[in-house]
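Visitor: Protein chains in written order, with this note's numbering: chain A, 8 to 164; chain B, 8 to 164.
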């Protein structure tokens, strides 16, 4: 049975996220899944022809940062749900937000073919998870990111 | 006399950059100018209502990273042209690309009002410039970035 994408569980405001919300028609609508090994998450995403950098057909560094940020945050939430034995739900009980994002650009990636993201939680420190993410295009690693995801606790009313 | 925006000098492929190209109708089309003090660059930019994070009316972290990346790179090019006494031109003789991008998110920024970016070159190390950039919304600093811009030399034919 095909896995459901993590982002497709949501219908509320979270589903309008520009980077990954399934209900934002202007957004990038990335989809995150568990990799077969269960230790990493995956995302395969096709850029649009206008997601270019200053060179024709080269993927924008801002778009790369955006999809790596969203996929890494969703990875943190997927790991946290699994670690705590919780199902994904439309009203998520575990929310992470981005504290910081570090992207190193290694090679140009093309807008003409899909990019693949692989991510894993590298470390947990209290309320923080450090997520490592790599972006591949045509089998080559083109960018590497480290995202510090911070567990968000809504203020009590 | 009003300054011309750095991005409005270009008409070739660079003008199709998703983050800052004036000829990319799907892009963010940010505009970078010298600040009055001549030591910093400025950009004022109005998000669209769909540039949201997972919360309503809060600006996406990916969009923040994208505009800080483009404004910082343009800042590196503006500083380099000035240091070398060169005019901006449609066929730029000085090009920088992003080596790495580090964004720290301090506070949420609203999509409802313009954000302001301020950037300056903090350091030059050979072919690299380290650019510091801050993003403000409603007078508060909401994100801080450090971009390593690398001077790009096209391969000789």
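Just so it is clear, CB atoms sit at the ideal spot from N, CA and C, and this is done for glycine as well. All figures in this text were calculated on a predicted structure; none of them were measured in a lab.
Can you tell which of B:27, B:52, B:85, B:142 has its C-alpha closest to the C-alpha of residue 158 (chain B)?
Guide: Minimum Cα distance to residue 158 (chain B) is reached at B:85.
Visitor: Helix, strand or coil for residue 14 (chain A), going by three-state DSSP, please let me know.
Guide: Three-state DSSP puts residue 14 (chain A) in a helix.
Visitor: In chain order, what residues of the same chain have a beta carbon less than 8 Å from the beta carbon of residue 31 (chain A), not counting five sequence neighbours either side?
Guide: 22, 23, 24, 25
Visitor: Quick test of your reading: residue 111 (chain B) and residue 150 (chain B), contact by CB under 8 Å. State the CB separation rounded to the nearest angstrom.
Guide: 7 Å
Visitor: Measure from the C-beta of residue 52 (chain A) to each C-beta in chain B and report whether the shortest distance is under 9 Å.
Guide: no
Visitor: Starting from the beta carbon of residue 30 (chain B), find every residue of chain A whose beta carbon is closer than 8 Å, and list them in chain order.
Guide: What residue 30 (chain B) touches in chain A: nothing, since even the nearest Cβ is about 10 Å away.
Visitor: Since residue 24 (chain A) meets chain B, which of its residues come closer than 8 Å, beta carbon to beta carbon?
Guide: 59, 60, 61, 67
Visitor: Beta carbon of residue 70 (chain B), beta carbon of residue 68 (chain A): below 9 Å?
Guide: no
Visitor: Do you know how far the Cα of residue 40 (chain B) is from the Cα of residue 10 (chain B)?
Guide: 7 Å
Visitor: Consider the Cβ of residue 36 (chain A): report whether some Cβ of chain B lies at a distance smaller than 9 Å.
Guide: At least 9 Å separates the CB of residue 36 (chain A) from every CB of chain B.
Visitor: Give the residues from the stretch 84-112 of chain B that approach chain A closer than 7 Å (Cβ to any Cβ), ordered along the chain.
Guide: 105, 106, 107, 108, 109, 110, 111, 112
Visitor: Taking DSSP as the reference, what is the three-state secondary structure of residue 123 (chain B)?
Guide: Three-state DSSP puts residue 123 (chain B) in a strand.
Visitor: In terms of DSSP beta bridges, what is residue 139 (chain A) paired with?
Guide: A:127, A:153
Visitor: Determine, for residue 55 (chain A), whether the minimum Cβ-Cβ distance to residues of chain B falls below 9 Å.
Guide: So, interface residue.
Visitor: Since residue 33 (chain A) meets chain B, which of its residues come closer than 7 Å, beta carbon to beta carbon?
Guide: 57
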